[in-house]
Each structure stands twice: as structure tokens, then as C-alpha cells.
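In the numbering used here, the protein residues as written are 45 to 256.
What follows is a short report on a single structure.
What follows is the structure in C-alpha cells.
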């Protein structure tokens, strides 16, 4: 048990090292203590890496403490009453299979099960100039933690950081977008910037990044 705990601790440090740079240090919203946590090790035994899915319906933007706009942190939130979990039943299992999870066996992980936005089809960045909305996705970089490699490796590999231009995101990249993303506008004029998430069967989520 000591050897296993030591190995998982190394994974946790490695994961922390690759996390996207944030303008401020934040954590996920408080959640109840996970029933499968082993208190003496902090290891979690899970059947599903993603334990709750939600459609992003609101957001919070945080900026660097010194007021610079070189990086902005965006937290994607949803309606907690509509979170889809294993208690939901068939809908949860259907979505989980879309993300490659079948719950066939229990595995050890260094964090509790994830809360994940889903039904995001596209991400674009815009700047409004003289009343016209201009697509500036090729002048924006985005960064988030991608957990797909964990699932695809049968929970043997570490999550990885995705960092690329928004215009270069693939449908698979967008599918695995995390609840926290960092965006980096690569332009001198950073006024009137928005991030727009296209949501399946719903109104797009328009995120106001900057004003005049």
C-alpha cells in the first residue's frame, strides 16, 4: 500500500506541474466528501473518471491581479439541479459511453471524479469593432487540462495540457474541454472581446471577456 500511495503521489505532482497557468489560484466549487476516498492516502477508487456532466449555462471570468489582460481564466458553470450523475440512470450511462467510459471496473485515481461540461460543439473568439463582430479565433490561444488520455489509456496515463490557437481546435479537442480554461489574446487592442461556445440544442454561451 505504501508503494502504491507513493507512486500516485508522484503522478499528482506531475499533474500539478502541467496545469494551465491561471491568473489566480482557484479550486473547483466545494463538493461533498467523496464516499470512495481513502483518508489515509487521499486516493480515490472510482468506476467513472467523470462522475457528473453538465451543460455550461453561465461563467465567471478572472483576471491577473495587476490588471493585465494577457491571460484570462474562465470558469464554466452549469445548473446544479440539472447535473447528470450515475443517480440519473440511463442518460448518464449514454453520455459516459460517448466519452469512452463503461464503468466495468474500479480504478485508483489521485482526485475525486470530475465535473465536466458537455454538449459543447465549437469555441470561437470575437472582437466587436464599430458595431461589427469580427472572428479573431486565430489570434487567441486557449489552454485547458485534457483528461481524454486518461480514459483512452484505461486510466494508466496522466492528463495532459492542451494549448493551441482557438482556430486550431479539433472537434475532439472541443469535446474534452474542461470546466476551467485559460485564454490568451494575442493582440494589442484587447477591447470588446468575447468568447462564444456553441451548445448543442441550446443558445450559445457568450462570455464577455473585456469591455470598451
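Just so it is clear, CB atoms sit at the ideal spot from N, CA and C, and this is done for glycine as well.
{"Check": "Classification of residue 231 by the beta-carbon crowding that lies within 10 angstroms, buried from 16 upward", "Outcome": "exposed"}
{"Check": "Buried versus exposed call for residue 189 [16 or more other C-beta atoms within 10 Å across all chains shown]", "Outcome": "buried"}
{"Check": "In DSSP terms, what residue 229 is bridged to", "Outcome": "184"}
{"Check": "Runs of beta strand (DSSP E) lying entirely within the stretch 190–253, each at least 3 residues, in chain order", "Outcome": "204–209, 224–229, 237–243 and 249–252"}
{"Check": "Outcome for residue 140 when other beta-carbon atoms lying within 10 angstroms are tallied against a minimum of 16", "Outcome": "buried"}
{"Check": "Distance between beta carbons of residue 119 and residue 220, contact taken as under 8 Å", "Outcome": "Incorrect: roughly 17 Å between the Cβ atoms, too far for contact."}
{"Check": "Check whether residue 201 and residue 210 have beta carbons under 8 Å apart", "Outcome": "no"}
{"Check": "Length of the line joining the Cα atoms of residue 123 and residue 99", "Outcome": "8 Å"}
{"Check": "Given 8 Å, three or more beta-carbon pairs between the stretch 91–105 and the stretch 123–137", "Outcome": "yes"}
{"Check": "Residue-chain proximity (residue 96, chain C), Cβ-Cβ < 8 Å", "Outcome": "Looking for chain C here will not work: only one protein chain is present."}
{"Check": "Neighbourhood of residue 114 by C-beta distance below 8 Å, restricted to the same chain and skipping five residues each side", "Outcome": "108, 228 and 229"}
{"Check": "Reduced DSSP category for residue 101 - H, G, I as helix; E, B as strand; rest coil", "Outcome": "coil"}
{"Check": "Residue 147 versus residue 181 - alpha carbon distance", "Outcome": "37 Å"}
{"Check": "First and last residue of the uninterrupted beta strand (DSSP E) at residue 119", "Outcome": "116–121"}
{"Check": "C-alpha distance - residue 117 paired with residue 105, whole-angstrom precision", "Outcome": "6 Å"}
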